[in-house]
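Numbering (the working numbering), first residue to last: 154 to 379. Beta carbons: idealized from backbone N, C-alpha and C, even for Gly. Scroll down for the structure; my scribbles are underneath it.
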Ligand code: SAH
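Right, dumping it as structure tokens:
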């Protein structure tokens, strides 16, 4: 596990122990709300989420809420990050994971503690630049990122053992289905705004087995680059 960012990064803004206590409380909340995987809870306990937010919002970083990160986007709610991560690693830890929607970089940073390599795609260049700077400062070396439309995936690096969408589409983009390895798992919020659900797919030959899970609320999966 990569913990190099630990103390230095946490104290960088003077939060010190407050942040650790706040993270412990957040982990207790997530456990109360059904997150079971100790590996996931451990990562949330050590990951400085306040670094992924503008300073004005960092005091709210350990509430179990989505928060704005600018450009109309949000950092996902911790419960959602924990749940999606748990669903991705439940049936065996994937080695190479593709994430669509880097946003703040928090979900990618969480995944990077648990799998070999995270490939993440973001369509808004300004968000991607910020996230990359954070990964560098935190010395997280196993995230590769790309400014592109996630609907087309990352053909040059496919197949992936797992794929996660952190923006909601109406259906799973075809290109992503094709880039999932045999036995691979895909987790995504699907459906129109107001009635999205978390879905998990598992590939078996040409068949994608589908599980319909919790109702969720995500920003939309859009096309084109900004
Ligand atoms: N994983 C992020 C969540 C960010 S919100 C985090 O932990 O903070 C979802 C992100 O998906 C937004 O940044 C949005 O710009 C991005 N997005 C939406 N449609 C996309 C697409 N087609 N390709 C790549 N990124 C997309």
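Buried or exposed (CB count within 10 angstroms, at least 16 for buried), residue i
{"i": "residue 248", "result": "exposed"}
{"i": "residue 283", "result": "buried"}
{"i": "residue 244", "result": "exposed"}
{"i": "residue 324", "result": "exposed"}
{"i": "residue 170", "result": "Residue placement at residue 170 is poorly supported in this model, since its pLDDT is 46, which falls under 50; the coordinates still yield a value, given next. Burial call: exposed."}
{"i": "residue 337", "result": "buried"}
{"i": "residue 203", "result": "buried"}
{"i": "residue 342", "result": "buried"}
{"i": "residue 201", "result": "buried"}
{"i": "residue 157", "result": "Residue placement at residue 157 cannot be trusted, given a pLDDT of 47 that sits under 50; what the coordinates show is reported in the next sentence. Exposed, by the Cβ-count rule."}
{"i": "residue 137", "result": "The chain is shown from 154 up to 379; residue 137 falls before or after that span and cannot be answered."}
{"i": "residue 314", "result": "buried"}
{"i": "residue 346", "result": "exposed"}
{"i": "residue 174", "result": "exposed"}
{"i": "residue 235", "result": "buried"}
{"i": "residue 252", "result": "buried"}
{"i": "residue 365", "result": "exposed"}
{"i": "residue 181", "result": "exposed"}
{"i": "residue 197", "result": "buried"}
Among the options, nearest to residue i - alpha-carbon criterion
{"i": "residue 194", "options": "178, 269, 204, 207", "result": "178"}
{"i": "residue 115", "options": "361, 362, 320", "result": "Outside the shown range of the chain, which is 154 to 379, sits residue 115, and nothing can be said about it."}
{"i": "residue 185", "options": "333, 175, 232, 313", "result": "232"}
{"i": "residue 176", "options": "188, 192, 346, 199", "result": "199"}
{"i": "residue 362", "options": "197, 371, 352", "result": "352"}
{"i": "residue 266", "options": "311, 364, 293", "result": "293"}
{"i": "residue 327", "options": "360, 345, 300", "result": "360"}
{"i": "residue 273", "options": "250, 330, 230", "result": "250"}
{"i": "residue 192", "options": "223, 241, 373", "result": "241"}
{"i": "residue 372", "options": "344, 311, 355", "result": "344"}
{"i": "residue 291", "options": "309, 279, 262", "result": "262"}
{"i": "residue 269", "options": "235, 246, 216, 252", "result": "246"}
{"i": "residue 349", "options": "355, 174, 367, 209", "result": "367"}
{"i": "residue 297", "options": "339, 331, 254", "result": "254"}
{"i": "residue 226", "options": "216, 205, 212, 238", "result": "205"}
{"i": "residue 279", "options": "173, 378, 174, 172", "result": "378"}
{"i": "residue 216", "options": "172, 256, 356", "result": "172"}
{"i": "residue 239", "options": "285, 339, 301, 356", "result": "339"}
{"i": "residue 288", "options": "355, 312, 306, 258", "result": "258"}
{"i": "residue 331", "options": "256, 356, 214, 318", "result": "356"}
{"i": "residue 316", "options": "271, 369, 196, 219", "result": "271"}
DSSP beta-bridge partners of residue i
{"i": "residue 273", "result": "252, 298"}
{"i": "residue 228", "result": "220"}
{"i": "residue 373", "result": "321"}
Problem set entry | In chain order, each beta strand (DSSP E) run of at least 3 residues that lies wholly inside the stretch 283-370 | 296-300, 313-318, 333-343, 349-357, 360-369
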